[in-house]
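Read the structure below first, then the notes.
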Amino acid sequence: MKLTLHIWRQKNASSPGKMVRYETDANEHMSFLEMLDVLNEGLIAKGEEPVAFDHDCREGICGSCGFVINGVAHGPLPSTTVCQLHMRHFKDGDELYLEPWRAAAFPVIKDLVVDRSAFDRIIAAGGYISVSTGSAVDANALPVRKKDSDMAMDAAQCIGCGACVAACPNASASLFLSAKMSHLGLLPQGQPERMERALNMVAAANEGLFGSCTNIGECEAVCPKGIRLEFIARMNRDFLKAAWTFRQERVESD
Amino acid sequence: MKLDARIPSGPIEKKWEKCRFDMKLVNPANKRKFSVIVVGTGLAGGSAAATMGELGYNVKAFCFQDSPRRAHSIAAQGGINAAKNYQNDGDSIYRLFYDTVKGGDFRAREANVYRLAEISVNIIDQCVAQGVPFAREYGGLLANRSFGGAQVSRTFYARGQTGQQLLLGCYQALERQVQAGRVTMYARHEMLELIVIGGKARGIVTRNLVTGKIESHIADAVVLATGGYGNVFYLSTNAKGSNTTAIWRAHRKGALFANPCFTQIHPTCIPVSGDYQSKLTLMSESLRNDGRIWVPVQKGDKRKPSQIPEGERDYYLERRYPSFGNLVPRDVASRAAKGACDEGRGVGETGLGVYLDFGDAIRRLGKGVVAERYGNLFEMYERITGEDPYTVPMRIFPAIHYTMGGLWVDYRLMSTIPGLFVIGEANFSDHGANRLGASALMQGLADGYFVLPYTIGDYLANTKLDMVDASHAEARQAEADANGQVKKLLGIGGKRTVDSFHREMGKMMWDECGMSRNAKGLEKAIGRIAELEQEFWKNVTVTGAGEELNQSLEKAGRLADFFELAQLMCRDAKERNESCGGHFREEFQTPEGEAMRNDDDYCYAAAWEYKGPGKKHELHREALSFEYVHLAQRSYK
Amino acid sequence: MSAAATALTGKSAERFRFWDSPIGKKAVMAATGFILFGFVTGHMLGNLQIYLGPEKLDAYAEFLQQTKGLLWGARITLLICVALHVTAAIQLALLQKKARPQAYVKKTSAGSSYASRTMYWSGPILLAFIVFHLLHFTTGQAHPDFQHGAVYRNVVTGFQSAPASLFYIVAMLLLGAHLYHGIWSMFQSVGINHPKYTPVFKKLAALMAAVLVGGNVSIPVAVMTGLIR
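Residue numbers (our numbering), protein chains in the order written: chain A, 1 to 254; chain B, 255 to 891; chain C, 892 to 1120.
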């Protein structure tokens, strides 16, 4: 099949970018990234710079890849990252617009590659259970309701790709934040730090220049792992409770 | 060079305890005076960096991905073994140890494997405490599943995303230390050289993949946790970025490389569909719990699977290995699939595939149960192939998946360069010639959480370390070497792309040094790869500049090291005149076509020493002794 | 001391209070939205008395005017609600501008309602409508022939102007859209979302929005078609 691609080309963070038009051939068994590989091989052969895009596992789990195809993060197929999106879902003569995630929190590094380190900072702010190596009790000492454990797993599946932010008209990171908070907050092990976690992670998201959630639901629609808006409600609940009940901790000397 | 594995004396159950007691401790106040570099942030590197941070060391952690959470451990699907015996089915530390030594076809170090089995139980505790949402029973306790190569249910899992959940647990622990200021994280940094000063590993040279800046980082010890080198085959289940550069550069600086030819072929991958194929996708081996593998009895049977009656199907694993059936170890299952295809009974357009059929399982358990167990794998399969595995049997074919070989380390995970520790898949130690399913996660976390943080303390406490900084001549030289390589690659200005070289070499490796090997083919491959390498240095084209994000340059640098490694792998495979585990030499097989080991001559780990550019590697042997699990022909019949 | 404690006792907690967070603002919008929704519902029920004839409606208006406490209590509450609702909305809209400085060349919706994406538009238009509505029927400046106390008459004469009626109808449709998203959204904002109940909320939201639009739009339509004169 023949495709016309319009791809965002941007040399680096400080130069302006623009859409550039390419014609390429593809076959239906290729993944979207393999289609770009073929385009890139052609560009290199012509001495032109290949299109830079993040990718690694190409199995839809590492969360490296992702860009916007015709206005939809990760492209038209639901619950699918671009690396798992196959060309059989497109047809001959299609015209595709490829753009990087666009958000102040995710500055473009080059072409379709963006800097998502803001997500790491959010996790660092509290997206964990404080348990140092060696201090754990026996794994079966604390039973967990299967229902809770399953729901925690639903939330924990987040791959941190950033599609939720890219798709959100507000560029909010709520789906990402809430997935981690729900994962840990649903488990008994996550209870002791639940309130602090909510406050700290939301604060980190604000510092990271993410926008606000206005319950639109674009994030849920593009999430490759099916993370649900329900988790955002959980986060809201935790945060509101934490914000009302929060007391300044006494700073203990170390 | 004399290889001293430093295995503690005494009975195997007491070795690790004794070792820990014998080790010198670093006073908590002194820990903050030591700095450690960790390269790679997968299960091994991430857990090591987090744990050392918790202990108080100054840790610098590096990864080439944009975040430590993306390391390829994340793609592990099936599970993690632990000798918890929660199922009361007769499991024990000793049985896990036994299964792993046997599964590794008697080419692993007994003491290491025992320690691994011993620690396995702590790993599960630690991960559960971190909030890893392992599958649970209705009573709220942890669930288990069985896995290839074992007759007990000892595998803990989190749907089909166990690696992801374990990695996120250790990533979160790591980020907690980043926040606490104990770990400094350098994402999008690639290690290009090891800095050795006064015979000790003292730092690394990295390239910032965004700015292209090449700089030195100095520390008191260096830990490599950079994973395996399966991408030497171009097509593998590894992530596209996985590479050998870190360990290969360390190897060139004096770390011996052990058993490079021991690669694992995973039996349940999605078959190749075309030349543009960039990687292979694995589906968890756990599928073999309920799926039945078969090919048509007739050669060249092109009927649809549904039209082939039961009597004309050959469930060859169940037929040949009645006691393990579809759950034979990976090497056995892979080779059997290749055998069936070589006989002309392969299925699919290319004839390179066998059926993995869930028809019986769906009839027995119902679609709902099958969907609950394997739903996400089925979805993935359908996404890639466009076929629905609930109605049409899956097609699978083996693919390169894991490399058991790696840098040689002693019992304390230190390489032959003092101060250079190697953990996880990057070392060679625990899996012998074949790794059992659900053991890679176990090893990565055992090394990172529970072994290295102790043993590195002993090294730091016992070693006199001079004050050095990045202006040291050795550091400058290493930096200059890295810079030189980048300039050289950018300056060739040839005609062929990096990927076209890589594909060609990968194909050669798969054909001659893949699932089965022979001396003639290996000899041929060595020659052809050397030629290709020469052409690469004359005719490769790398676009762009060094001082920017340049993915062609990254790939070129990695391929340059793969070329050298590939030749060593073939050489190692040729040298080992026996079949064992993943290493199958056609000349050495039983009349029934099973692998024939030669314990009299090859019961050793082959550790190769780099002697300089263009010079032949020198082979050193670490003899392996089996005092507890007695040498025996593996049988899964 | 844990890292979490470090972060909390540091600048974040000092600076980061309820209102500073978008979640806090959204909760305020939900609470004020709920009150405004309640008012709109009551207001519509009152308005529908127009179908019972001038005496009933004017007597109802008279009753409201007499109970000063209720009247001013409601007015002040509503004013505060509108002020908070609007302030939060403006701040969130500004945050949105900051969070996405560069727009997509091509953007397609993947699964959200038109109503949800247009809250930033329907809101300000509704605010303008409220101002017009007050000038039209409460204070009379925007009314061609306003008489204090003659509510029924004012409504009929007011809606005999086609542009005014049209503006009412359009505004009510926007109100419907605003509420269609707003009613279920306020549950979400305060943390209520359940796979069993949320779909019901969403249906109820649609129903309530439809009833409100229908009830309110019926009045100008009735006037225009001469049903009420």
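C-beta atoms are modelled at their ideal positions from N, C-alpha and C, and glycine is treated no differently.
So, for residue 343(B): in the same chain, excluding its five sequence neighbours on each side, which residues have a beta-carbon less than 7 Å away from its beta-carbon? 406 and 407
For residue 129(A), I'd like the list of residues in its chain whose CB is within less than 7 Å of its CB, leaving aside the five on either flank, ordered along the chain. 184, 189, 190 and 193
Boundaries of the beta strand (DSSP E) in which residue 5(A) is found, first to last residue: 2-9
Interface partners of residue 97(A) on chain C, CB under 9 Å: 995, 996 and 997
Enumerate in chain order the residues of its own chain whose CB-to-CB distance from residue 202(A) is below 8 Å, with the five nearest sequence positions on each side excluded. 177, 235 and 239
Backbone CA spacing between residue 902(C) and residue 207(A) [nearest angstrom]: Caution applies to residue 902(C), whose pLDDT of 45 falls short of 50 and renders its modelled position unreliable; the value that the coordinates give is listed next. Between residue 902(C) and residue 207(A), the C-alpha separation is close to 11 Å.
Going by Cα to Cα distance, which pick from 318(B), 493(B) and 818(B) is closest to residue 443(B)? 318(B)
If you draw a straight line from the alpha carbon of residue 577(B) to that of residue 571(B), how long is it in whole angstroms? 10 Å
Quick check on the DSSP output: the beta strand (DSSP E) that includes residue 518(B) runs from which residue to which? 517-523
List the residues of chain A that residue 461(B) touches, going by C-beta distances under 8 Å, in chain order. By Cβ distance, chain A contributes nothing, its closest Cβ being about 15 Å from residue 461(B), past 8 Å.
I'd like to check one pair, residue 224(A) with residue 163(A): are the Cβ atoms closer than 8 Å? yes
When the Cα atoms are used, what is the spatial distance from residue 221(A) to residue 70(A)? 15 Å
Note the first and the last residue of the continuous beta strand (DSSP E) segment covering residue 462(B). 454-462
Contact set between the segment 1090-1114 of chain C and chain A, restricted to residues whose Cβ is under 8 Å from the partner: none
Going straight from the alpha carbon of residue 454(B) to that of residue 237(A), what length do you get? 54 Å
Candidates 727(B), 757(B) and 872(B): closest to residue 470(B) by CA position: 727(B)
According to DSSP, simplified to helix, strand and coil, what is residue 470(B)? strand
Helix, strand or coil, according to DSSP, for residue 598(B) in the structure here? coil
Nearest-angstrom Cα distance between residue 870(B) and residue 648(B)? 45 Å
Host alpha helix (DSSP H) of residue 709(B) (start-end): 706-716
Closest residue to residue 639(B) among 90(A), 123(A), 44(A) and 29(A) (Cα-Cα distance): 29(A)
For residue 925(C), which residues of its own chain have a beta-carbon under 7 Å away from its beta-carbon, when the five flanking residues on both sides are left out? 1077
Cutting at 8 Å between CB atoms, please list the residues of its own chain near residue 899(C), excluding the five before and the five after it. Confidence at residue 899(C) is low in this model, with a pLDDT of 43, below 50, so the placement of that residue is unreliable and no value is reported for it.
Determine the DSSP secondary structure at residue 750(B), reduced to helix, strand or coil. strand
With 16 as the cutoff for other CB atoms within 10 Å, does residue 47(A) come out buried or exposed? exposed
I'd like to know whether the C-beta atoms of residue 421(B) and residue 606(B) end up nearer to each other than 8 Å. no
Cα-Cα separation between residue 753(B) and residue 817(B), rounded to whole angstroms: 13 Å
Helix, strand or coil at residue 553(B) [DSSP, three-state]: coil
Closest residue to residue 482(B) among 889(B), 657(B) and 618(B) (Cα-Cα distance): 657(B)
Just checking: is the beta-carbon of residue 253(A) within a distance shorter than 8 Å of some beta-carbon in chain B? In this prediction, residue 253(A) has a pLDDT of 46, which is less than 50 and means its spatial position is unreliable; what the coordinates show is noted afterwards. So, not an interface residue.
List the endpoints of the continuous beta strand (DSSP E) containing residue 875(B). 872-877
Is it buried or exposed for residue 596(B), if we count other Cβ within 10 angstroms and need 16 for buried? exposed
Residues of its chain near residue 680(B), where Cβ-Cβ distance is below 8 Å and the 5 sequence neighbours each way are ignored: 294, 298, 478, 479, 480, 481, 482, 500, 501, 660 and 661
Alpha-carbon spacing of residue 1083(C) relative to residue 928(C), whole angstroms: 18 Å
Three-state secondary structure (DSSP) of residue 354(B): helix
Interface partners of residue 128(A) on chain B, CB under 7 Å: 426, 427, 429 and 430
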